[in-house]
Structures are given as structure tokens and as C-alpha cells.
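In order, the protein sequence lines correspond to chains U and H. Throughout the first sequence, residue numbering follows our numbering, covering 1 to 243 in sequence. Throughout the second sequence, residue numbering follows our numbering, covering 244 to 486 in sequence. For each residue, glycine too, the CB sits at the ideal point set by N, CA and C. Quantities reported herein were computed from a predicted structural model and do not represent experimental measurements. Take a look at the structure set out below.
There are 2 protein chains.
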Amino acid sequence: MRSQRRGVAIAEEATESDSLTGPVEDYLKAIYALGSSGAAVATNDIAGRLALAPASVSGMVRRLAEQGLLSYEPYRGVRLTDTGRRAALRTLRRHRVIESYLSTALHYPWDRVHKEAERLEHAASDELVDRMAAAIGEPATDPHGAPIPSRDGVMDEKELVSLDELAAGHGVRVVRVSDDNPEMLRYLGELSITPGAEVLIVSKAPFGGPISLRIGREVLSIGPELAAQVMVEPIVDADAPAH
Amino acid sequence: MRSQRRGVAIAEEATESDSLTGPVEDYLKAIYALGSSGAAVATNDIAGRLALAPASVSGMVRRLAEQGLLSYEPYRGVRLTDTGRRAALRTLRRHRVIESYLSTALHYPWDRVHKEAERLEHAASDELVDRMAAAIGEPATDPHGAPIPSRDGVMDEKELVSLDELAAGHGVRVVRVSDDNPEMLRYLGELSITPGAEVLIVSKAPFGGPISLRIGREVLSIGPELAAQVMVEPIVDADAPAH
DNA sequence: CGTAAAACTTAGGATATCCTTAACTATTGT
DNA sequence: ACAATAGTTAAGGATATCCTAAGTTTTACG
């Protein structure tokens, strides 16, 4: 596990404050997301997620390693360093606070917050993000149910199952949906499948067939592809917390 | 007045929607500001305002002319086209709405809104800016008193005098102060010299001496350099409009 | 365990933006 | 008319990011 440092004298520890470009922040976010399981992240997966050629990722990843944002052993994948993880979480916090703020304070429809936040997250100062968070009561999650990292980079991700993994009969609460497909979000919104909604799985047809759900009095059915995007947890009575 | 078009086939009329980079928007803002008098704007003045070498401006200005954002005759200065003016006013609107929003909705101190807006103005969508403006009641001016262009690019600039141009005895209302010097803004804030404040010019010492002002019950004095940054208008009784 | 497929890297370059210095040219003021 | 001022072109450099093509390493598995 020989370190990669070459002739370059200094490591240029990321200045922490800012100075990260938009694309770099995007790399870090992607690597964070892909590496949540703790394993090293594969070049190809990063390339896939960012829609870039694998060779581009190799190059960028080397630079990020030189900046101390991640550790990198050629052919073995990358892993964020503490500095890199902090930077990723800071960007994630920006993104999600901005999404929440747009939704709550400016009444943005939830299918459009992602795109706007994607641009603003690279331009907003920490102060702005903190003020936004304070103004809307320090929400714990964004409009799609994704947890918002705290100022000092702590985020608690729940273990969740997706709606298509459960058999008929389960009563669940929607916790989170994926945030980057506006059309899907609009559709889910129409169906009232939003974080917090309580859903009963009425039936589930085999071989990729439709899943029938009851939400309040409505009964509707969705395909497994859509169901896979809806993350849920078992319903626990709010007045009688587990244990 | 031979046109500059070279071998390049198309003129690529600015796509109107966006696609302007941050620096380009800054050029347009600068040219707009310098050209308010209607005259052509000198290369050197643009360079001075943006802290660039004059040669850099020559280069950029040629590109902007090719994009149809301004008209440019070498050695004769530049003038914004309608397209260019609209783009400049859009950026100005963004900047000032954002400043106002930060101040009103997020309680930013007025000396810090400029810097934040300077970054956000290049990233915010028109929709965001419009929502911000609506949320704070479509203000007519930003926190420093600068008028906010309307959605469709109309801005009414008043004729103003600066505080150091007036003789003792005048009663005036502060309309506008320059926005880019945080320390000055903090100081003006401490003195309650903010847009809307009513000020009586008590005395004015000659040869660049101090100007003595009464604001409410306070009497204070400031130097001419500072006074030159404070734009005022004569007080007209609000209940009895002029004429 | 050897080899083909998959994953990954390096080499070499293209592109896009914006900026600079140095040297030259045009305009202007006296 | 000519020096001072203003402005221009030429040539190139800094960043930052991406790509294709070709080669190398790892992995899967017969």
C-alpha cells in the first residue's frame, strides 16, 4: 500500500473553506454516494454516475488524491479521506438545505427543486445555507426525504427498503424517493406518494406485474420500476415508540 | 464602418435564455453602468472597473460584439445593443433582487449582501429571482437604494446629487449609497445614514473639511469622501407631492 | 492456472474561457 | 505637428475539464 506521492513537494491540503469547483464537488458527491457501503469506489461507477468516460475519471481522481480529498490506489478504486468526506457532506448539506428552502419558503414544486439546487449548491456560502436552514426550522430531511447533514458533517442514514421489495399486506410509511427525475416526481406527487404518506400494500402481481397500494381511501397501482424508487419503513405507532 | 465578421459563418445571436458566463455578465453590467449617460464606453474605463488589462477588454469586447451583445468600433468605444442591454438589466435585476431578499427574508446585514449576490446572480434562475421578488413584495429598490429593473427590463433611475455637493442648510433624504464596500456600509449603518433617512446639512467646512449633519436628534460629521458616496434627494412632503 | 473479458490507466490532445505582456497604431490635446 | 493618451493586435499562458486510442492490470472461470 505504498503511498502515491510523487516528486510534488507539498500536498496542498484542501483549504477547507472553498475553492472547490463545481465539477470537483460533483465528483465528491458521487463518490460519497457510491461509497456509502464503506467499500472502495470503482472508477467505472463514478464515470457511469457522472456520465463521463472512465479515462476522465482516472485523471480527475489522481488530482483529487493529490489534493488530499481521497485516497487512490490505481486499479483499486478510491475512498474519500476525512477532508474529502467533509467536503462531500458540506455539498450535500448545501444541496438539501437549498431544496428544502426552495420548497418551504418559496413554494417551489418538489419536482423542480433539484435542478435549481444543483446550480446553487456551488455558489451559496455556508452562511447563506445556515440562514436558510434556520429560517425554515432546521429540517431533518429535504423534500424528497433525504437526510440533511448537520453543520459539522453528521448525517444519519436509515436502513430502508423499497416498495417493490415487500410482499402484500405490509403497512409502510414513505420515507424517501429519488430526487432527480422531475416527471417521476410529478407523477408520484399526483398519487400522493410523498414522504410521510402511509401506504398499505394490497397486492403484488408476480413477474414484474403491478403493485396495488392503498393510500388513505384511494387504491392505485404502480409498476415495479416506479416502486423501486420509493423507499419506505414499517409503520410504528407514533404514540408508542418502539421499545 | 466595415463589419468585423470574418470567415465565421453564423453570428450566433445570444440565445437570450442563458448561456452567458459569469465574467461576460460582469462585463455587461460594467458597460451598462458606465454607459448610462448614453455615450460610448471607453475600453480603459471597462478595464479599470473590472481591474483587468485594457488588452483583455479589447479581446472580450470583440467577442461580445460577435455575439450581438454590443456594437463596437475599434478605437471608438462600445455600446450595448438591445440584446446586450436586456442581458445587463437581467443580471442587475438578479443581483438586486437577491440582495433585497437576503436582507429582508434572511436578515443579512446590509454590508454583506453584495458579495453573496455577486456569486448567486450567475447561478440563480429567473424563476428563483421572480419568486424571491414576489416573496418580499416586489421591492422597488435594493437595500442600498439602487432601483430594481422590472422583469421586462425597465428601470427608472432618478437624478440624484451626492451629499458633498450640497451647501449647508439643505434638508435631504438619503436615497442610495454605493454597495460594494462593506466597511463603509457598516460605518454608514452605525451613523444611521441609510436609504430613507432624513438629513439636515448643518455645515460644510471648506477645503475638503468635514460636513456636519443632523439626523433625528443626532449631530455628526463626516468627510467629503464618504459624503460623495451618499446620494440624496430634496425632501418633499409625502402628503403633498410635488406640484 | 492460463487466458479472455472487464476494468482501469496513460498518452496525447482538443476545447473553452479568460487573462497577460509586449509592441504597435490611432486619436487627441496643445 | 507631435507627444501623450488610449486602444489594438499578436502571441501565448493558465485553468480546468473532457475525450479517444492504445496499453496495462485485475478478475473470472473453464
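U/PRO74 and U/GLY153 have their C-alpha atoms roughly 28 Å apart. For U/PRO234, the secondary structure class from DSSP, reduced to helix, strand or coil, is strand. Among the CB atoms of chain H, none fall inside 8 Å of the CB of U/HIS95. Taking C-beta atoms as the reference points, U/PRO139 and U/SER100 count as a pair closer than 8 Å. Judged by DSSP in its simplified three-state form, U/ARG119 adopts helix. Fully enclosed alpha helix (DSSP H) runs of no fewer than 4 residues occupy 425-433 of the segment 372-450 of chain H, in order along the chain.
By the CB criterion at 8 Å, H/SER314 and H/ALA308 fall inside the cutoff. For H/LEU313, there is no enclosing alpha helix (DSSP H); the enclosing beta strand (DSSP E) has its first and last residue at 313-315.
Assignment of U/SER212 by DSSP, reduced to helix, strand and coil, places it in the strand class. For H/LEU271 and H/ALA348, the gap between their C-alpha atoms comes out near 28 Å. Of the residues assessed, H/THR264 falls on the exposed side of the cut-off, its CB having fewer than 16 other CB atoms within 10 angstroms. U/ALA87 sits buried, since 16 or more C-beta atoms from the chains shown fall within 10 Å of its C-beta. Look at H/ARG460 here: in three-state DSSP terms it is coil, with no helix or strand label.
In the structure shown, U/ARG79 adopts extended strand secondary structure according to DSSP, grouped into three states. Per DSSP, H/VAL356 has no beta-bridge partner at all. By the neighbour-count criterion, in which a residue is buried when 16 or more other Cβ atoms sit within 10 angstroms of its Cβ, U/ASP126 is exposed.
Within the segment 19-79 of chain U, the complete beta strand (DSSP E) runs of at least 3 residues fall at 70-72.
At a C-beta separation below 9 Å, H/LEU371 has these neighbours in chain U: LEU102, LEU106, TYR108, GLU116, LEU120. Ranked by how close their Cα comes to the Cα of H/ILE341, the residues H/ALA411, H/GLY380, H/GLU468 have H/GLY380 in first place.
Looking at U/LEU163, U/LEU128, U/PRO143, U/SER162, the one whose alpha-carbon comes closest to that of U/ARG151 is U/LEU128.
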